[in-house]
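For the record, the sequence lines run as chains A and B.
According to the numbering used here, the first sequence is numbered sequentially starting from 47.
According to the numbering used here, the second sequence is numbered sequentially starting from 4.
All C-beta atoms in this analysis are idealised placements derived from N, C-alpha and C, irrespective of residue type, glycine included.
The structure presented is a predicted model; accordingly, all values stated were derived computationally and were not measured.
Contents: one structure, followed by commentary.
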Amino acid sequence: MMTVTHMLHRRHPKILSSAAADERFCRHCETLLPRELEDDYCCHGCRSAHTLIETFELNRFYEIVQENNEGLRPARVQRSDYKLFDAPIFQDGFVESKQDGQKTAHFYLDNMSCYACVWVCEQLVRKLDSEAQLAINLATGEATLAFDSSRHDLSHFLQHFEALGFGVSPNRTFTRDNRREVARIGVALFCLMNIMMLAFPEYLGASSLEDRFRDLFRWISMVLAALAVFYSGWPLLAGGVYAVHKRSLHLDLPIALALIVCYAYSVYNTVRGHAFVYYDTTTAVVALLLIGRFVQGQALSRVARQQSQYLEGDYRLARVQAGDGSEEMKALVQVVEGDVLRLLPGEVVPIDGILLSPSSELHYALLTGESDLHGIIEGQTVLAGAVNGSRPMLLRAAQPGVQSYLLRLQKASQALHHQKGHYLGLSEKLAKGFVAFVLMMAALNLLLWFPFSPSTAIERFAAVLLVACPCIFGFGAPLVIARAFHLGMQRGVLFRSQRALERLSEVERFYFDKTGTLTEDESRIVEAHWNQLELRKMQLDPQQVQTLLRRLPEFARHHVITALTRWLGPGDAREETQVKAIREYFGQGLSLVWNGHDVRLGRYGFCVGREPDDPQALEYSYLVIDGAIVLQFKLSETLRPEATATLQSLVSQGRHIYMLTGDATGRAQDVGQALGIDVAHIAARLNPQDKEQQIVEGERSAMVGNGINDALAVSKVSIGIAVESATDALKEKADVVLAKPGLQPILDALKVSERARTIMQRCFFFAILFNGVGMTLAVGGWATPVLAAILMPISSLTIFTIAQRWSVTLRVGG
Amino acid sequence: MEILYFLIFLSFVMAMGGLAAFLWANQSGQFRDLRRPAEEMLFEDRPKSSQ
Numbered sequence: 047m048m049t050v051t052h053m054l055h056r057r058h059p060k061i062l063s064s065a066a067a068d069e070r071f072c073r074h075c076e077t078l079l080p081r082e083l084e085d086d087y088c089c090h091g092c093r094s095a096h097t098l099i100e101t102f103e104l105n106r107f108y109e110i111v112q113e114n115n116e117g118l119r120p121a122r123v124q125r126s127d128y129k130l131f132d133a134p135i136f137q138d139g140f141v142e143s144k145q146d147g148q149k150t151a152h153f154y155l156d157n158m159s160c161y162a163c164v165w166v167c168e169q170l171v172r173k174l175d176s177e178a179q180l181a182i183n184l185a186t187g188e189a190t191l192a193f194d195s196s197r198h199d200l201s202h203f204l205q206h207f208e209a210l211g212f213g214v215s216p217n218r219t220f221t222r223d224n225r226r227e228v229a230r231i232g233v234a235l236f237c238l239m240n241i242m243m244l245a246f247p248e249y250l251g252a253s254s255l256e257d258r259f260r261d262l263f264r265w266i267s268m269v270l271a272a273l274a275v276f277y278s279g280w281p282l283l284a285g286g287v288y289a290v291h292k293r294s295l296h297l298d299l300p301i302a303l304a305l306i307v308c309y310a311y312s313v314y315n316t317v318r319g320h321a322f323v324y325y326d327t328t329t330a331v332v333a334l335l336l337i338g339r340f341v342q343g344q345a346l347s348r349v350a351r352q353q354s355q356y357l358e359g360d361y362r363l364a365r366v367q368a369g370d371g372s373e374e375m376k377a378l379v380q381v382v383e384g385d386v387l388r389l390l391p392g393e394v395v396p397i398d399g400i401l402l403s404p405s406s407e408l409h410y411a412l413l414t415g416e417s418d419l420h421g422i423i424e425g426q427t428v429l430a431g432a433v434n435g436s437r438p439m440l441l442r443a444a445q446p447g448v449q450s451y452l453l454r455l456q457k458a459s460q461a462l463h464h465q466k467g468h469y470l471g472l473s474e475k476l477a478k479g480f481v482a483f484v485l486m487m488a489a490l491n492l493l494l495w496f497p498f499s500p501s502t503a504i505e506r507f508a509a510v511l512l513v514a515c516p517c518i519f520g521f522g523a524p525l526v527i528a529r530a531f532h533l534g535m536q537r538g539v540l541f542r543s544q545r546a547l548e549r550l551s552e553v554e555r556f557y558f559d560k561t562g563t564l565t566e567d568e569s570r571i572v573e574a575h576w577n578q579l580e581l582r583k584m585q586l587d588p589q590q591v592q593t594l595l596r597r598l599p600e601f602a603r604h605h606v607i608t609a610l611t612r613w614l615g616p617g618d619a620r621e622e623t624q625v626k627a628i629r630e631y632f633g634q635g636l637s638l639v640w641n642g643h644d645v646r647l648g649r650y651g652f653c654v655g656r657e658p659d660d661p662q663a664l665e666y667s668y669l670v671i672d673g674a675i676v677l678q679f680k681l682s683e684t685l686r687p688e689a690t691a692t693l694q695s696l697v698s699q700g701r702h703i704y705m706l707t708g709d710a711t712g713r714a715q716d717v718g719q720a721l722g723i724d725v726a727h728i729a730a731r732l733n734p735q736d737k738e739q740q741i742v743e744g745e746r747s748a749m750v751g752n753g754i755n756d757a758l759a760v761s762k763v764s765i766g767i768a769v770e771s772a773t774d775a776l777k778e779k780a781d782v783v784l785a786k787p788g789l790q791p792i793l794d795a796l797k798v799s800e801r802a803r804t805i806m807q808r809c810f811f812f813a814i815l816f817n818g819v820g821m822t823l824a825v826g827g828w829a830t831p832v833l834a835a836i837l838m839p840i841s842s843l844t845i846f847t848i849a850q851r852w853s854v855t856l857r858v859g860g
Numbered sequence: 004m005e006i007l008y009f010l011i012f013l014s015f016v017m018a019m020g021g022l023a024a025f026l027w028a029n030q031s032g033q034f035r036d037l038r039r040p041a042e043e044m045l046f047e048d049r050p051k052s053s054q
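Right, dumping it as structure tokens:
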């Protein structure tokens, strides 16, 4: 229901009268309703939003929307649980507490499309609590709510916003006040413009001005430039000092050095009355660098917010067992220390805890990349991130769920911001070389010229530092990356790191998981045979067996079991059956003891104990009780509708497609054939380790998967991709996460990655060109103030424009 | 040409005035939200009276 295509059917206020008489629209968002829908609303979210607006007599909201010619988006019901927002540990970081229970909450409101949204939210808060104050920034969606927590909880307000269709997410970076940055830029531009005005006569030639005025102009410029360099440029100078302190070739080092040397040299020449003063160029460098960094910072924080909203929207559930043995699914953040959690085989431990079951097995594929099972016994500690190996297990939470949840969020945002730790991006590598080169050139000039003429030596030294334009590294490359993240996000692609962005387009081999990745998430049973004879022989009632099968989801999560229960349909699953010794064998099947019978479900070889004579038998799954086959069934999967087209585009780009699956060979080949994958590139009947081994070691490969069984393979390739329906654990591990269903976002991701690379190369080309010209001028002693004043801004502005203003064309249709 | 001294002085007084105005506007948060005030003024009357 809630897709972008929605917007196309919207009734526009201007064309009200032209709507056909029998067309009906949602009473809230005015989406055109399908004829067969006998309701006044397009979805439940809109119904509750409309009801809320009517209850609080805020109908003027719709008038304002109309007046503004803005459409409303369908209101969604996003969360069922708002109590989370009242938990002190969760509030940490976005809610400030003052005296007497007064609190101020900082959060983002989504879908703020015009003033009407602001109005309705602020009115609503007034009606909910006359003393509460809500302030919304329409441009950024940032909201600040001051309220008295002894009167109302935070969740009381927030759930009303969400009911209106405005999603709420905590703003934990509200302290970022950019007023000082703006002031620095403003002052730098002010100085620049005045210095340029004063320098203009000199551009035309010194003779056009009387000497006393020329000197006066230089002295005034000196004061203004001091303001620009030492007030506005302070962050740049501090960065240079820091680089020296850390003894690293950071980019701020030559920038700071150039600013100081050029300013000092200009002052020296001003005092002597010489012509070589560079106040205009120095100030221009400060202003342009500050603007570049400001834009880059804004872009990155916008991307970080979008990504954290996506990840924060993921409320992982945990199965919490009460004292009487009853179970309840709870959001992870609601789990408190001491809660007893039950985990099925293949599930990821969400939280550090103590094992309560007598013994169990774990593997650490997600944490360390090894998939060997490790046995543990009662009382031992289990770390979050471990995967439950083969049996259901009980765990006592050793920390509150919120803590583990916040930790994961923190990690996710760190991955975005501090990606330089393990991987040095292309531009950072080059930047180091560039810094070394510039410093060397400057030093060389100084040394060579010093014996002949100390003043020429200093002149050349300063000129080299001045004309060396670090824009490409200073803000060019970071801007390209921030923009690429943003473009990716718009198309449903989350690049989790700069490395992922730079490497994706190089990928030559794409490995796809089959079930849930190339096919739809759910498979269904197309053919099944009960063996009545064996059942009668064992004196088993088929009803009883069905009851057992219906209970299986309690013990294991597997798409075969889901398909089985859907095939059986609803029925009585409560009947007393005794199930013991459940054990899941990865990629093989499940074994358990039921009322004294030995029950196996899975592949032929696993259930019967030997390989079948007829290869056809491999296409079926089996239920075996006490060694006798009682049920055999065949599963069928639906391919994702766009899978074929996506794979074809990948192939046409010259990339190779491989399919890895744990499924039977025949079925794998059917799917492969339908998708046009080379038979030699299909590997079936693989367990997770086999999957990993199938992947040819190498840099240029990507694995697309959806489950934990893909985690090992994902850690082996250079780029791991998790599809939208993938488990949270895989998403955390992947380098690229798709935020839209289907496989097509992969093509968009490739496009963004390729385009970013092209743009980056274009920036480098211009950077080399400008620097080459500049260096020649500097070394030859031709870097006059006029030339420098022309070259520097052109160079910076060119790089800035290229890096900031690019886009990726969307595929049409497809 | 002595008039230049006065003109330069005058232009700087005016420029400083502009700079001061910018710094004041920035400090009072006028650049934080460029959209809301523009739309808000169109809807001033009725929301206020509906309180």
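Quickly, what does DSSP pair residue i with across the bridge? List them, please.
i	result
A:M375	A:R365
A:W640	A:V625 and A:H643
A:D559	A:L706
B:I11	B:I11 is not bridged to any residue.
Tell me where the beta strand (DSSP E) around residue i begins and ends.
i	result
A:F779	First, the amino acid is wrong: residue 779 of chain A is Lys here, not Phe. Here A:K779 belongs to no beta strand (DSSP E); instead the alpha helix (DSSP H) covers D774 to K779.
A:F102	Careful: A:F102 lies outside any beta strand (DSSP E) and carries neither H nor E.
A:L440	M439 to A443
A:D146	Premise fails: A:D146 is in no beta strand (DSSP E) and is neither H nor E.
CA-CA distance, residue i and residue j?
i	j	result
A:K680	A:A710	11 Å
A:V287	A:L299	7 Å
A:L210	A:V164	12 Å
A:A302	B:S14	31 Å
A:S841	A:I266	27 Å
B:Q38	A:H532	It should be pointed out that residue 38 of chain B corresponds to Arg in this sequence rather than to Gln. Taking the straight line from one Cα to the other gives about 22 Å.
A:G708	A:Q634	9 Å
A:R442	A:T608	28 Å
A:V645	A:R537	47 Å
A:Y469	A:R545	Confidence in A:Y469 is poor, its pLDDT being 45 and thus under 50, which makes the residue's placement unreliable; the coordinate value appears in the next sentence. The straight-line gap from Cα to Cα measures roughly 7 Å.
A:G479	A:G522	16 Å
A:W280	A:V332	10 Å
B:E5	A:R258	11 Å
A:V269	A:L476	36 Å
A:A802	A:V526	6 Å
A:D199	A:S176	14 Å
Just reading off the alpha helix (DSSP H) that residue i is part of, what are its end residues?
i	result
A:L837	P831 to Q850
A:Y410	Here A:Y410 belongs to no alpha helix (DSSP H); instead the beta strand (DSSP E) covers S405 to Y410.
A:R70	No alpha helix (DSSP H) contains A:R70, which DSSP labels as neither H nor E.
Report the residue from the options whose alpha carbon sits nearest the alpha carbon of residue i.
i	options	result
A:D194	A:A284, A:D146 and A:S841	A:D146
A:V214	A:M268, A:Y154 and A:R225	A:Y154
A:V798	A:S201, A:T427, A:L476 and A:E552	A:E552
A:A835	A:A245, A:C160, A:L235 and A:N224	A:A245
A:L793	A:F263, A:R701, A:R106 and A:K779	A:R701
A:L815	A:V433, A:I845, A:L389 and A:N217	A:I845
A:L511	A:T563, A:F483 and A:F498	A:F483
Where does residue i land, buried or exposed, given buried means 16+ other C-beta within 10 angstroms?
i	result
A:H96	buried
A:L184	buried
A:K466	With a pLDDT of only 41 at A:K466, under 50, the local geometry of the prediction cannot be trusted, and the value read off the model is given with reservation. Under this definition A:K466 is an exposed residue.
A:G371	exposed
A:T77	buried
A:E208	buried
A:S64	Bear in mind that a pLDDT of 44 at A:S64, under 50, signals an unreliable position, so the number given afterwards is only what the model happens to contain. When all chains shown are included, A:S64 counts as exposed.
A:H464	No answer about A:H464 holds up, because its pLDDT of 48 lies below 50 and its placement is not dependable.
A:V366	buried
B:L7	exposed
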